[in-house]
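A.B. asks:
Number of protein chains: 4
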Amino acid sequence: MSHGYDKDRYLARIKRIEGQARGVHRMVSEDAYCIDILTQISALTSALESVALGLLEDHLRHCVVNAARAGGEEAEAKIAEANAAIARLVKS
Amino acid sequence: MSHGYDKDRYLARIKRIEGQARGVHRMVSEDAYCIDILTQISALTSALESVALGLLEDHLRHCVVNAARAGGEEAEAKIAEANAAIARLVKS
Amino acid sequence: MSHGYDKDRYLARIKRIEGQARGVHRMVSEDAYCIDILTQISALTSALESVALGLLEDHLRHCVVNAARAGGEEAEAKIAEANAAIARLVKS
Amino acid sequence: MSHGYDKDRYLARIKRIEGQARGVHRMVSEDAYCIDILTQISALTSALESVALGLLEDHLRHCVVNAARAGGEEAEAKIAEANAAIARLVKS
Numbered sequence: 001m002s003h004g005y006d007k008d009r010y011l012a013r014i015k016r017i018e019g020q021a022r023g024v025h026r027m028v029s030e031d032a033y034c035i036d037i038l039t040q041i042s043a044l045t046s047a048l049e050s051v052a053l054g055l056l057e058d059h060l061r062h063c064v065v066n067a068a069r070a071g072g073e074e075a076e077a078k079i080a081e082a083n084a085a086i087a088r089l090v091k092s
Numbered sequence: 093m094s095h096g097y098d099k100d101r102y103l104a105r106i107k108r109i110e111g112q113a114r115g116v117h118r119m120v121s122e123d124a125y126c127i128d129i130l131t132q133i134s135a136l137t138s139a140l141e142s143v144a145l146g147l148l149e150d151h152l153r154h155c156v157v158n159a160a161r162a163g164g165e166e167a168e169a170k171i172a173e174a175n176a177a178i179a180r181l182v183k184s
Numbered sequence: 185m186s187h188g189y190d191k192d193r194y195l196a197r198i199k200r201i202e203g204q205a206r207g208v209h210r211m212v213s214e215d216a217y218c219i220d221i222l223t224q225i226s227a228l229t230s231a232l233e234s235v236a237l238g239l240l241e242d243h244l245r246h247c248v249v250n251a252a253r254a255g256g257e258e259a260e261a262k263i264a265e266a267n268a269a270i271a272r273l274v275k276s
Numbered sequence: 277m278s279h280g281y282d283k284d285r286y287l288a289r290i291k292r293i294e295g296q297a298r299g300v301h302r303m304v305s306e307d308a309y310c311i312d313i314l315t316q317i318s319a320l321t322s323a324l325e326s327v328a329l330g331l332l333e334d335h336l337r338h339c340v341v342n343a344a345r346a347g348g349e350e351a352e353a354k355i356a357e358a359n360a361a362i363a364r365l366v367k368s
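In the order they appear, the protein sequences are chains P, B, F and H.
Each residue of the first sequence is one higher than the one before, starting from 1 at the first, in our numbering.
Each residue of the second sequence is one higher than the one before, starting from 93 at the first, in our numbering.
Each residue of the third sequence is one higher than the one before, starting from 185 at the first, in our numbering.
Each residue of the fourth sequence is one higher than the one before, starting from 277 at the first, in our numbering.
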C-alpha cells in the first residue's frame, strides 16, 4: 500500500471489470443484439469510472495532502499532476 | 453478422481492452503509482467509448434504417431504444 | 418546425440555461465558494446534455427516418452526420 | 479573490459562455438545422468543462493545500468535498 490506496478493495473490483470485458467479447462473438452490448459497455465504463474516482480520492487524501504539507515545488507538481489526471477523466 | 456489425473488427479491439483491464489489475497488484493507473483507466475508457460509438453507428446504419423503411411502431420502437442507448453512453 | 423538433419545448429550456449561465457569472463576480460554482456548472452541463439528447432524438425520429426511407446516398450521409454529432456529445 | 481563483480570468470566459447560450437560443428560434445546434451545444459544454477544470485546479492549489497544512478534520472535509465535486464533473 505504498501509495495510499487499499489494494484489496480495488483488485476485487478490477477482477469484476475484467469479467465484464470478457462478457462483452463473448456477446460480440455470439452475435448479441447491438443495444444489449452497448448496455454492457455502459455498465463497464461506469464501473471503471467508479474505480478511477476511488483511486483519485485516495491519491488526494494521501499523496497530495503529504505533498501540501511538505510544501514548495513538490506540492505544486503534485497538484498539477492530479489536475491533469482529473482533466483526462472528465474528458474520457 | 446477423445484426449488421462486423464481428472480427470488434473482437480484436475488445481483446485488446481485456488486455488493458488485466494491465490495470497488474498495476494495482504491483503498487503502481495512482496517477499512472488513472492514465491507463482513461485509455481503457476511451477504447471502450470508441467501440461503443462504432457499434452504435453500425446499429443506426442497419437496424434503425431497416426499421425506418418498414415503418410503423417498429420504427418508433427502434428509435426510442437507440436513443436510450445514446443517453446511457453520454452519461457514462 | 421545419426540422422536426418542437421549438417551444426547447426555447423555454434554453432560456433557463441562459439564466443558469448568468447565475454562474454572478457567483464568480461575488466571490462565491469554488465548490458551489462547480455544483452550478455541473447542473448547467446536465441541462445542456438533456437538451442535446432531446434534439438528437427528434433528429433521428424525423430527418434520419425520412432519409432512410428516401434511401441511397442521402440516407448514408444523414447517418454519418448523426454519428459524428453523437461522438461529439459522448466526448464533450 | 477570497477563494484563490482569478476572477477576471473566469468572468470573461463565462461571459462568452452566456453569449454561446444566447446563440443556441437564437438558432432554435430561427429553426436552425438540429445537427448545427448540437455542434454549438457540444462547444458550449466543452467551454463549461474547461472553466470547471480551471476552478477545480485553483481550488486544489489554494483551499485544499491550505486545509492539508492546517490538518485534522478540516483537511479531511475539504478532500471529501473536492472529491464529490470531481465525481459530479466526471458524471455530468
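Using N, Cα and C, we set each Cβ at its ideal position, and we do this for glycine too.
Rounded to the nearest angstrom, how far is the Cβ of H:Ile-362 from that of P:Ile-86, given a contact under 8 Å?
C.D. replies: About 6 Å separates the two Cβ atoms, so the contact holds.
A.B. asks: Just how far apart, CA to CA, sit P:Lys-7 and H:Leu-336?
C.D. replies: Roughly 25 Å separates the two Cα atoms.
A.B. asks: Counting only Cβ pairs nearer than 8 Å, list the residues of chain B close to P:Arg-88.
C.D. replies: Those within 8 Å of P:Arg-88 in chain B are Leu-130, Thr-131 and Ser-134.
A.B. asks: Pairing CB atoms from the region 329 to 344 of chain H with CB atoms from the region 65 to 75 of chain P, are three or more of them under 8 Å?
C.D. replies: Because the criterion of three Cβ pairs below 8 Å is met, the region 329 to 344 of chain H and the region 65 to 75 of chain P touch.
A.B. asks: If you measure from the beta carbon of H:Val-341 to each beta carbon in chain F, is any gap under 9 Å?
C.D. replies: No, its Cβ sits nowhere closer than 9 Å to a Cβ of chain F.
A.B. asks: Counting only C-beta atoms, is H:Arg-298 closer than 9 Å to chain F at any point?
C.D. replies: Closer than 9 Å: yes.
A.B. asks: Within 9 Å of any Cβ in chain B, is that where the Cβ of P:Ala-52 sits?
C.D. replies: P:Ala-52 counts as touching chain B.
A.B. asks: If we count Cβ pairs, one from each stretch, closer than 8 Å, do we get three or more for the region 299 to 310 of chain H versus the region 16 to 34 of chain P?
C.D. replies: At 8 Å Cβ cutoff, the stretches do not touch.
A.B. asks: Can you tell which of F:Ala-236, F:Gly-256 and F:Glu-258 has the C-alpha that lies nearest to the C-alpha of H:Asp-312?
C.D. replies: Nearest C-alpha to H:Asp-312: F:Ala-236.
A.B. asks: Measure the alpha-carbon distance for F:Glu-258 versus B:Thr-131 and round it to whole angstroms.
C.D. replies: Each residue's alpha carbon lies about 40 Å from the other.
A.B. asks: Mind listing, in chain order, the continuous alpha helix (DSSP H) runs of no fewer than 4 residues lying wholly within the region 328 to 362 of chain H?
C.D. replies: The qualifying runs are 341 to 346.
A.B. asks: Just curious, the alpha helix (DSSP H) that H:Asp-284 is in, first and last residue?
C.D. replies: It spans 283 to 305 - the alpha helix (DSSP H) in which H:Asp-284 sits, taken as one unbroken run.
A.B. asks: What number of angstroms, rounded off, separates the C-alpha of H:Ile-290 from the C-alpha of H:Gly-330?
C.D. replies: Between H:Ile-290 and H:Gly-330, the C-alpha separation is close to 12 Å.
A.B. asks: Going by beta-carbon coordinates alone, are H:Leu-320 and P:Val-90 separated by less than 9 Å?
C.D. replies: Taking 9 Å as the Cβ cut-off, H:Leu-320 and P:Val-90 do not qualify as a contacting pair.
A.B. asks: If you count every other CB in all the chains shown that lies within 10 Å of the CB of B:Leu-103, and 16 or more means buried, which is it?
C.D. replies: It counts as exposed.
A.B. asks: Identify which residue in F:Gln-204, F:Gly-256, F:Ile-263 and F:Asn-267 has its Cα closest to the Cα of F:Ile-225.
C.D. replies: When each option's Cα is compared against that of F:Ile-225, the closest is F:Gln-204.
A.B. asks: Which residues in the same chain have their Cβ closer than 6 Å to the Cβ of B:Ala-174, if we skip the five residues on either side of it in sequence?
C.D. replies: Cβ neighbours of B:Ala-174 beyond the five flanking positions: Val-156.
A.B. asks: In chain order, what residues of the same chain lie with their CB nearer than 7 Å to the CB of F:Met-185, ignoring the 5 residues before and after it?
C.D. replies: Confidence at F:Met-185 is low in this model, with a pLDDT of 43, below 50, so its placement is unreliable and the value that follows should be read with caution. If we look at F:Met-185 and ignore the five residues flanking it on each side, its Cβ neighbours are Lys-191.
A.B. asks: Under three-state DSSP, which class holds F:Ser-234?
C.D. replies: Of the three classes helix, strand and coil, the one that applies to F:Ser-234 here is helix, per DSSP.
A.B. asks: If you count every other CB in all the chains shown that lies within 10 Å of the CB of F:Leu-232, and 16 or more means buried, which is it?
C.D. replies: Result: buried.
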